[in-house]
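Take a look at the structure below.
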Amino acid sequence: MSDDFRVARKTLQNHHITSSQSFTKHDLEYILSITSKMESGIHSKTNSKLLDGYILATLFFEPSTRTRLSFEAAMMRLGGNVITVEQAMACSSAKGESLEDTGHVVSQYADVIVTRHPESGSADRIASKSIVPVINAGDGPNEHPTQALLDLYTIFSEKKKLDNLKIGFLGDLKFGRTVHSLVHLLRFYSINFTFISHPTIAIPQHISNILKEYGCQVTETEDLESAIKDLDVLYVTRIQKERFSKDDNYDDLKDKYQLTQSLLNTSKADLTVLHPLPRVNEISPAIDDDPKARYFKQAENGVYMRMALLAAVLGKSPNQTM
Ligand code: CP
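Numbering (my numbering), first residue to last: 13 to 334.
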């Protein structure tokens, strides 16, 4: 193991993962490397007891299919156990308990906590009183750092590099927390960013400013037909209906973009199409079998990356037993 990886391993151990902005480039490379080992281990059916005796608590105050189930599968794949509340709103927060008290108490029952909540900063509040690592699985429109990690792993797996790529982000870039977290990771690489959206749901200016400070090329446009032609990766997002107030223009925006086969045919032959899922109607199911469509493989990668992250925050290396 290189010195850089040794430092990353030590940094991540017992570390709260509440924002993708806290990662260093070495942290990312360490996590990508462990994720790859986890993927190989699963494919070769190598049994692992790396997290035998450890307990994961999942506290989801918002709906989830992929994030929650892939975290729970990841823990079980590594021999650990999971405790959960069926609906977090049915736990004592419904009686007025603070997120800080919930974090304090649940951290006495588990070795790591994964949480999703509609409020920005909620994971930090839970982490502030937790005695075990807390992982943010989505805090309102703010961040979704573990989705960003699996997106980074997927881009690397598909393109075999992370530098010199032209990546387009399409859809709801204002409320799309997966986009916010992913661009913070991509700022370490030589990426040409194209943000494609209606101006009312454009990428927040403070994020595009950070990218410009890092020397990244940033273009903003509404024109998907022109933008798609020279992209290496197109990252599509759903319009986040649940984040709109009644007065906002969700109905005007929901059908503005749809990726169809005819549009896809105008893109580069090796375009990779990603989407954090769930989708509504922004990607036609007719393109699911096109080799450019990699969003279901992206969702699969979530298990491998979350295995890597759970092992990292619990101070375990897959070399120990895999
Ligand atoms: N990508 C994602 O966060 O999916 P879920 O809402 O199903 O967890």
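In this text, a Cβ means the ideal position worked out from N, Cα and C, and glycines have one as well.
This one's a predicted model, so the numbers in the text were calculated from it and none came from an experiment.
Under DSSP, the beta-bridge partners assigned to residue 247 are 181, 286. Beyond the five residues adjoining it in sequence on each side, residue 324 comes within less than 6 angstroms, by CB distance, of 24 in the same chain, given in chain order. Pairing residue 190 with residue 151 gives a Cβ-Cβ distance that is not under 8 angstroms. Rounded to whole angstroms, the gap between the alpha carbons of residue 319 and residue 128 is 18 angstroms. Residue burial annotation: residue 87 is buried, with at least 16 other C-beta atoms found within 10 angstroms of its C-beta. Going by DSSP, residue 151 is part of the beta strand (DSSP E) stretching over 146-151. The Cβ atoms of residue 149 and residue 118 do not sit closer than 8 angstroms to each other. Sorting 82, 114, 121 by C-alpha distance to the C-alpha of residue 95 places 121 at the top.
At a Cβ-Cβ threshold of 8 angstroms, residue 40 and residue 200 count as neighbours. Residue state for residue 72 is assigned as strand, using DSSP reduced to three classes. One thing to note: residue 286 has its Cβ no nearer than 8 angstroms to the Cβ of residue 213.
If you look at residue 168, you'll find it in the alpha helix (DSSP H) that goes 157-171. For residue 32, the CB contacts under 7 angstroms within the same chain, skipping 5 residues up- and downstream, are 155, 157, 160, 193, 196, 197 in chain order. Counted as a single uninterrupted DSSP element, the stretch harbouring residue 27 is not any beta strand (DSSP E), since DSSP gives it neither H nor E. Inter-segment contact for the region 302-319 and the region 101-113 is absent: fewer than three beta-carbon pairs are separated by less than 8 angstroms. Spanning the alpha carbons of residue 316 and residue 51 requires a straight line of approximately 5 angstroms. Just so you know, the alpha carbons of residue 172 and residue 108 end up roughly 49 angstroms apart. Look at the region 290-314 and you find no whole run of beta strand (DSSP E) that is 3 residues long or longer. Taken through DSSP and simplified to helix, strand or coil, residue 204 comes out as strand.
One Cα belongs to residue 175, the other to residue 84, and the distance between them is close to 32 angstroms. Under a 10 Å Cβ-count criterion, residue 99 is classified as exposed, with fewer than 16 other Cβ atoms of the shown protein chains found around its own Cβ.
In the three-state scheme derived from DSSP, where H, G and I count as helix and E and B as strand, residue 190 is classed as helix.
Annotation for residue 183: 209, 248, 249, 250, 251, 269, 294 place their beta carbon closer than 7 angstroms to its own, counting only its chain and skipping 5 residues before and after.
Taken atom to atom, the span from the alpha-carbon of residue 17 to that of residue 38 is near 7 angstroms.
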